[in-house]
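Heads up, the thing below is written out as structure tokens.
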Amino acid sequence: MDLSIETINSVRISGSEDIRRAAEALHTLALQIGLRAAPAHNIADKRTPVDVEDNILARDVFGWQEGKVWWCNARIALNSPITTACRFESEPFWVNADGFRTRHPNHYLADIDLSEFEQRAMTRAAIVVPVHLPFGQIGAVSFNPIDRYLIDLTQLFHDHSDALGVYARTFIASYVHVKGSVQALPPGNRLSKREVECLRWAAVGKTDLEISMIMARSRATVRFHIHNASIKLNSVTRSQTVFKAAQLGYISLSR
Numbered sequence: 038m039d040l041s042i043e044t045i046n047s048v049r050i051s052g053s054e055d056i057r058r059a060a061e062a063l064h065t066l067a068l069q070i071g072l073r074a075a076p077a078h079n080i081a082d083k084r085t086p087v088d089v090e091d092n093i094l095a096r097d098v099f100g101w102q103e104g105k106v107w108w109c110n111a112r113i114a115l116n117s118p119i120t121t122a123c124r125f126e127s128e129p130f131w132v133n134a135d136g137f138r139t140r141h142p143n144h145y146l147a148d149i150d151l152s153e154f155e156q157r158a159m160t161r162a163a164i165v166v167p168v169h170l171p172f173g174q175i176g177a178v179s180f181n182p183i184d185r186y187l188i189d190l191t192q193l194f195h196d197h198s199d200a201l202g203v204y205a206r207t208f209i210a211s212y213v214h215v216k217g218s219v220q221a222l223p224p225g226n227r228l229s230k231r232e233v234e235c236l237r238w239a240a241v242g243k244t245d246l247e248i249s250m251i252m253a254r255s256r257a258t259v260r261f262h263i264h265n266a267s268i269k270l271n272s273v274t275r276s277q278t279v280f281k282a283a284q285l286g287y288i289s290l291s292r
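Structure, rendered in structure tokens:
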């Protein structure tokens, strides 16, 4: 597949008026190798990308007309093994009822339940590109064979997964950027060294008293730093503050 700047830019969205054109370009690229794209800008949301007039792209551009469709399935975010895998993998993979295949081993995928795969995934096989976005949002594009009897995608994956990864990430990331009208965080707010240190200890389960003893600071000071961090991260609870700090790379949640 062509990875020229011109082709990549054809699936890039600069403004709302570009959405349909970019979707049509992605559709054409997928069709060239016998696949149909199924885009999701947020796997936790059953809504699917729309154009400037709120027309559903999956239906009106990508041609998902027949039978049940995933955006009408309220449980697909929890039930589908494909969406589950996107939480544990950031690189393209392909999957059918026999398992997941990636370029690099990922033992998390081996533990995903594939029973009743076709019913739960709403496809017999797919090449999938997870798109991990800021603030923990995960999008994805599933590329499904037009020939529904084609369930071995080894060669297609080998030949085209890198290019499909570029196209999918460009389309989804630019779509989210254009459609996102509200900033997730106030601009210019950065955590201080002390705030990060307090959250780092809070992330491993330490109480305010324990953190104060570790840092040789008063309990009130610890609470002050964690409260300030929650304001900067626009969070409500202590756990949400820790989670957002981890999402933004201030701390790690792994021990």
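Convert by adding 37 to the 1-based position in the sequence shown; the result is the number in the numbering used here. The C-beta atom is built at its ideal place from N, Cα and C for all residues, glycine as well. Since the model is a prediction, treat every value here as computed from it, not as a measurement.
Return yes when the C-beta of residue i is under 7 Å from any heavy atom of the ligand GDP, and no when it is not.
i       : result
Leu-193 : For the ligand GDP, the structure offers nothing, since it holds no ligand at all.
Helix, strand or coil: which one does DSSP assign to residue i?
i       : result
Thr-139 : strand
His-169 : strand
Pro-129 : coil
Val-219 : The predicted position of Val-219 is uncertain, since its pLDDT is 48 and thus under 50; a value taken from the coordinates is nonetheless stated next. The answer is coil: DSSP assigns Val-219 none of H, G, I, E or B.
Ser-179 : strand
Val-203 : helix
Ile-263 : helix
Val-87  : strand
Ala-282 : helix
Asn-46  : helix
Ala-240 : helix
Ile-334 : Past the boundaries of the shown model lies residue 334; the chain is included only from 38 to 292, so the question cannot be answered.
Ile-93  : strand
Ala-77  : strand
Val-213 : helix
Leu-233 : At residue 233 the sequence reads Val, which differs from the Leu that was named. DSSP places Val-233 in helix when its eight states are reduced to three.
Asn-271 : coil
Leu-63  : helix
Leu-115 : helix
Ala-147 : helix
Arg-57  : helix
Gln-174 : coil
Ser-198 : helix
Asp-39  : coil
Arg-256 : helix
Glu-153 : coil
Ser-276 : helix
Phe-208 : helix
Given a cut-off of 8 Å, decide if residue j and residue i are closer than it, judged by their beta-carbon atoms.
i       : j       : result
Val-168 : Ile-209 : yes
Gly-176 : Val-132 : no
Ile-188 : Arg-161 : yes
Ala-81  : Val-178 : no
Arg-73  : Asn-181 : yes
Leu-290 : Ala-240 : yes
Ser-211 : Ile-50  : yes
Ile-42  : Thr-207 : no
Ser-127 : Ile-164 : no
Val-259 : Gly-52  : no
Ala-282 : Leu-246 : no
Ala-200 : Leu-40  : yes
Glu-155 : Ala-122 : no
Hey, residue i and residue j are a contact pair by Cβ (cut 8 Å); roughly how many whole angstroms apart?
i       : j       : result
Arg-124 : Phe-130 : Incorrect: roughly 12 Å between the Cβ atoms, too far for contact.
Gln-174 : Asn-79  : 6 Å
Gly-202 : Val-166 : 5 Å
Tyr-204 : Val-48  : 5 Å
Ser-117 : Ala-158 : 5 Å
List the DSSP bridge partners of residue i.
i       : result
Ser-289 : In the DSSP output, where bridge partners are listed per residue, Ser-289 has none listed.
Leu-228 : According to DSSP, which records beta bridges pairwise, Leu-228 is partnered with nothing at all.
Ile-248 : None, per the DSSP bridge assignment.
Leu-72  : Pro-182
Ala-122 : Beta-bridge pairing links Ala-122 to no other residue.
- [ ] Report yes or no: do the stretch 144-157 and the stretch 52-66 share at least 3 C-beta pairs separated by less than 8 Å?
- [x] no
Open item on the list: For the structure I just gave you, are there three or more beta carbon pairs, one from the stretch 64-82 and one from the stretch 90-103, closer than 8 Å?
Closed with: yes
TODO: Answer yes if the stretch 233-243 comes into contact with the stretch 256-275, meaning at least three C-beta pairs across the two stretches below 8 Å, and no otherwise.
DONE: yes
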